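Have a look at the structure below before the remarks.
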Amino acid sequence: MSPANSFALLANATSIPWLDVPAWPAAELVRATATELDRGGRLCAWFGVPEGGITCLVAVLAFDADNTLAVARSTPFTGSYPALTATHAQAHLFEREVWEQHGLTPAGHPWLKPVRRNNGAAPANGEFFRVEGREVHEVAVGPVHAGIIEPGHFRFQCASEEVLHLEIALGYQHRGVEEALAGGPHRATLSQMETVAGDTTIAHATAYATVLEALAGTEAPLRAQWLRAVALELERLANHTGDMGALANDVAFLPTSSACGKIRGDFLNLTALICGNRFGRGLVRPGGCRHDLESERATQLLERLRPALADTEQALAWFWDAASVRSRFENIGTVFPSQASEIGLVGPAARACGLVRDVRYDHPAGWHRFAQAPVAVWPSGDVFARARVRSLEIQRSGEYLRDQLAAPAEGELHAELAPPAPDTFAVALVEGWRGEVCHVALTDAAGRFRRYKIVDPSFHNWTGLALALRGTAISDFPICNKSFNLSYCGFDL
Amino acid sequence: MFILDTLAHRLKRGCETMAYPKGPAPALPDRHGGALKVDAGKCADGCEVCVPACPTQAIARPAGKSVALDLGRCIFCAACVDACPAKAITYTGDHRMAVRQREDLVLGESGQEQVRLADALDEKLRKLFGRSLRLRQVSAGGCAACEADTNVLGTIGWDLGRFGIQFVASPRHADGLLITGPVTRNMELALRKTYDAVAAPKIVIAVGACAIAGGPFVDHAQVHNGASAIVPVDLFIPGCPPHPLTILDGLLRLLDRLEEKPPSGN
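Right, dumping it as structure tokens:
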């Protein structure tokens, strides 16, 4: 099924003239979007574009089975419109964000409150949802957490050990990323894109570069696309391995914890072998890549990759062989498949609910048009499933890298990029290690960014963590949290 | 059987903690380059091509003065190294970059071609913290990279615990803070409260370009351009993020735990 002509269709990593994006009255856009979501579409982005002092709404949908994206907008308006969230929960944070950024009120939104707005020296958290009852107590955690991690606030409503409801209040990391992009690209834009979520540098930088290339009506040379794909899997390996170690640590299974902590560094060092930076900064550039992976260096990479993969396999084998580990993860923090699709989960968290959803496979762009990894899926939706999917992806990323390193694309690494086309709309999706990284750009008459929207996978997935905690013991929060390991700064922007 | 397997593997692997600082430091990746060095004498009169090349406004060339590169703002993207026609800005390959004074990161003046590395804490604090330092980490707009490369120091390869340094779960257990991120306005209150909760005497360590000067987000209305805007900072460790070795060097330097040979001439 493909969307009716309420939407313009485009493929991932392409652009269309802004005038070709159909415009409808806001209520009609909401209705048409709801219809398409009911037909299996997925909301990638929902945001406002300032136009003549007022705002038009833009909807970007993905039809995974059709390998196509769809975009439509509203005519500019002010005031309120009927909330999409009332019927489609996956819009709830998007509509809160639009309300916060542009003052458009989604009428009928059940939980309209700030997302990241400043209130003096802290975010405006608003009122928290409260469960009433004699035995009910509230637990507040954060913003500063116990370990070396980013800040966020968790408000649990508990009856004894059991969590009845968890509300997650973020915004502490808000650095003004999107606001700064207006009128860009600027001098600092690329380094800001590399640090939207610092553990996802390659995915975000690739999405940004792809948007600029789409706006220029071209694409990066194949060798650069190949190298980006290699770096993307190294990023996935490092993060998944680190998280498997962290999960092991949280159930006091130290052999895997110790080993994975070290191997994670080995993978980061492989990225540093390519570009000097363990997080891949300085590698991806609009128009290509800055550093090459010459054959000698590629051989060295492969030689160091092999033992790192073997070590990971061994460390994960200890983990999965131990009944005491498995039993700590089974039936803990379950998100049901129906919930997952309702709230629009992405990435490994969605695949751990049995949803076959992977940008590399559904919306292949760049090198993934030529080489894909099988989608790793597990059905049970619990911590076990999320750990399982991560383990499978570690294996598959390893195999993918071995294959790709054996067959590099030849040719130029970088091509001079034409300036962005004026009044043009471009979308790029990249499957980062947490899931779908979505960048959307709209240029003005001069070819500068009129609006740039970033949707980190965490924006979709924090709600998944909140749901996972329902009916779970609060003492299991750490393993639930680690199984998702979402980004705070990627959400807060 | 399973336990025996695990033990056998552990025995086979042996000790995986690096020899440093008693042995040699692990090599930086060849494309890392290490700290920068500025030889302002090479700059042509009036040349300022490096100034607009820098994404974080780390380089200035005031009229009539020599070029000034602020390593605190630097994200080590090497755009200036590539841009400089006279090769006045070069890599040193040195992982050591931590300083005690903010101005020690500004390179270019004669005698300040390279960073003036951090002195140790005074004797009183060294006595208190030298063999046991407990730190509370506060990420205040950090992107998770500085956090990750601080966290890695706790893994078996680096084993920070062998120096008596540990990250703790409460400011009341801590001797100081290690701050990452540009300090967002939304984290200001939390950072102040955390700092106040640490008993005096206490130290503050700013890790990464963001925590030193705002990094890529410098001058955004939503951030404070670094930790110094809110709390006094005792140690600045540059990088985006700093290599774990750079962070470890900074911590050990502060505690006077490095037995360095005198510089060998370069």
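Chains as they are written, first to last, in the working numbering: chain A, 10 to 502; chain B, 70 to 335.
Just so you know, even glycine gets a beta-carbon here, dropped at the ideal spot from N, CA and C.
The structure presented is a predicted model; accordingly, all values stated were derived computationally and were not measured.
Can you check which of these residues, the options, is closest to residue i by C-alpha distance?
| i | options | result |
| --- | --- | --- |
| A477 (chain A) | A:R237, A:P346, A:I403 | A:P346 |
| A437 (chain A) | A:G61, A:A116, A:A71, A:A32 | A:A71 |
| S15 (chain A) | A:N21, A:V39, A:V386, A:P26 | A:V39 |
| G499 (chain A) | A:L474, A:C447, A:T23 | A:C447 |
| W327 (chain A) | A:L263, A:L282, A:A374 | A:L263 |
| E187 (chain A) | A:F165, A:Y217, A:R397 | A:Y217 |
| R299 (chain A) | A:D432, A:I211, A:P85 | A:I211 |
| V69 (chain A) | A:L451, A:A482, A:A324 | A:L451 |
| P34 (chain A) | A:D47, A:F138, A:R196, A:T84 | A:T84 |
| F163 (chain A) | A:R139, A:E144, A:V464, A:A206 | A:R139 |
| D244 (chain B) | B:W227, B:Q170, B:I274 | B:I274 |
| L304 (chain B) | B:D188, B:L194, B:L197, B:H312 | B:D188 |
| G441 (chain A) | A:A415, A:N340, A:L78, A:T215 | A:T215 |
| P417 (chain A) | A:E60, A:A238, A:H97 | A:A238 |
| R105 (chain A) | A:A98, A:K122, A:T96, A:Q99 | A:K122 |
| R460 (chain A) | A:G353, A:L401, A:V220, A:D371 | A:V220 |
| V292 (chain B) | B:R241, B:M256, B:L317, B:P240 | B:M256 |
| D432 (chain A) | A:H174, A:R443, A:L19, A:S24 | A:S24 |
| H213 (chain A) | A:L282, A:I283, A:L292 | A:L292 |
So for residue i, helix, strand or coil by DSSP?
| i | result |
| --- | --- |
| A54 (chain A) | strand |
| K271 (chain A) | helix |
| P264 (chain A) | helix |
| W503 (chain A) | With chain A running from 10 to 502 in the structure shown, residue 503 (chain A) is simply not present. |
| R164 (chain A) | strand |
| V69 (chain A) | strand |
| I316 (chain B) | helix |
| C84 (chain B) | coil |
| I375 (chain B) | No information on residue 375 (chain B) is available, as it lies outside the stretch 70 to 335 that chain B covers here. |
| H423 (chain A) | strand |
| G356 (chain A) | helix |
| L246 (chain B) | strand |
| K91 (chain B) | coil |
Return the CA-CA distance between residue i and residue j, expressed in angstroms with no decimal places.
| i | j | result |
| --- | --- | --- |
| R82 (chain A) | V67 (chain A) | 4 Å |
| S179 (chain B) | A109 (chain B) | 8 Å |
| E170 (chain A) | V124 (chain A) | 28 Å |
| W27 (chain A) | S492 (chain A) | 40 Å |
| Q235 (chain B) | T224 (chain B) | 12 Å |
| A147 (chain B) | A454 (chain A) | 33 Å |
| A213 (chain B) | Q182 (chain A) | 11 Å |
| T253 (chain B) | G112 (chain A) | 23 Å |
| L323 (chain B) | P95 (chain B) | 20 Å |
| R8 (chain A) | E37 (chain A) | Since the first and last residues shown for chain A are 10 and 502, residue 8 (chain A) lies out of range. |
| R205 (chain B) | E303 (chain A) | 42 Å |
| M10 (chain A) | A223 (chain A) | Low local confidence applies: a pLDDT of 40 at M10 (chain A) is under 50, so the model's placement there is unreliable, and no value is given. |
| S333 (chain B) | L495 (chain A) | In this predicted model, S333 (chain B) has a pLDDT of only 45, less than 50, meaning its place in the structure is not dependable; the value taken from the coordinates is given anyway. Looking at the two C-alpha atoms, the distance is approximately 46 Å. |
| D74 (chain B) | F434 (chain A) | 57 Å |
| G3 (chain A) | D301 (chain A) | The structure shown does not extend to residue 3 (chain A), since chain A spans only 10 to 502, so no value can be given for it. |
Determine the chain A residues that contact residue i at a beta-carbon separation under 7 Å, and present them in chain order.
| i | result |
| --- | --- |
| S208 (chain B) | I158, E159, P160 |
| V302 (chain B) | The contacting residues do not exist; V302 (chain B) stays about 18 Å from chain A at best. |
| C309 (chain B) | R290 |
Just the chain B side, please: which residues come within less than 7 Å of residue i by C-beta, in chain order?
| i | result |
| --- | --- |
| K271 (chain A) | E85, T224, I225, G226 |
| V153 (chain A) | V207, A259, T263 |
| A130 (chain A) | R254, E257, L258 |
What does residue i reach in chain B if we use C-beta pairs closer than 8 Å?
| i | result |
| --- | --- |
| N127 (chain A) | R254, N255, Q291 |
| P264 (chain A) | T75, H78, R79 |
| W442 (chain A) | Neighbours of W442 (chain A) on chain B: none; closest Cβ ~12 Å, over 8 Å. |
Can you pull the chain B neighbours of residue i, defined as C-beta to C-beta under 9 Å?
| i | result |
| --- | --- |
| G185 (chain A) | T253, F286, H289, A290, Q291, V292 |
| S496 (chain A) | C212, A213 |
| S267 (chain A) | R79, E85, T224, I225 |
Report the neighbours of residue i on chain A: residues whose CB is nearer than 8 Å to its CB, in chain order.
| i | result |
| --- | --- |
| C149 (chain B) | By Cβ distance, chain A contributes nothing, its closest Cβ being about 12 Å from C149 (chain B), past 8 Å. |
| R17 (chain B) | Here chain B has residues from 70 to 335 only, and residue 17 (chain B) is not among them. |
Interface residues of chain A around residue i at Cβ under 9 Å?
| i | result |
| --- | --- |
| G199 (chain B) | Simply none; closest approach about 22 Å. |
| L125 (chain B) | One detail in the question is off: residue 125 (chain B) reads as Thr in this sequence, not Leu. The contacting residues are R196, A197, S200. |
| C112 (chain B) | Result: empty, since nearest Cβ-Cβ is about 21 Å, beyond 9 Å. |
| T315 (chain B) | Result: empty, since nearest Cβ-Cβ is about 11 Å, beyond 9 Å. |
Practice prompt. Inspect the CB distances between the stretch 246-259 of chain A and the stretch 270-278 of chain A and report whether three or more fall short of 8 Å.
Written response: yes
Discussion item. Closer than 8 Å is the cut-off here; do at least three beta carbon pairs connect the stretch 211-226 of chain B with the stretch 259-273 of chain B?
Written reply: no
Discussion item. Under 8 Å, with one C-beta from each stretch per pair, do the stretch 99-114 of chain B and the stretch 158-165 of chain B reach the 3-pair mark?
Written reply: yes
Worksheet item: Is the stretch 197-207 of chain A touching the stretch 389-403 of chain A in the sense that three or more CB pairs, one from each, lie closer than 8 Å?
Response: no
Practice prompt. Mind the definition here: the stretch 464-481 of chain A touches the stretch 233-249 of chain A only if three or more C-beta pairs lie below 8 Å; say whether that holds.
Written response: no
Worksheet item: Per the contact definition of three or more C-beta pairs closer than 8 Å, is the stretch 112-124 of chain A in contact with the stretch 91-99 of chain A?
Response: yes
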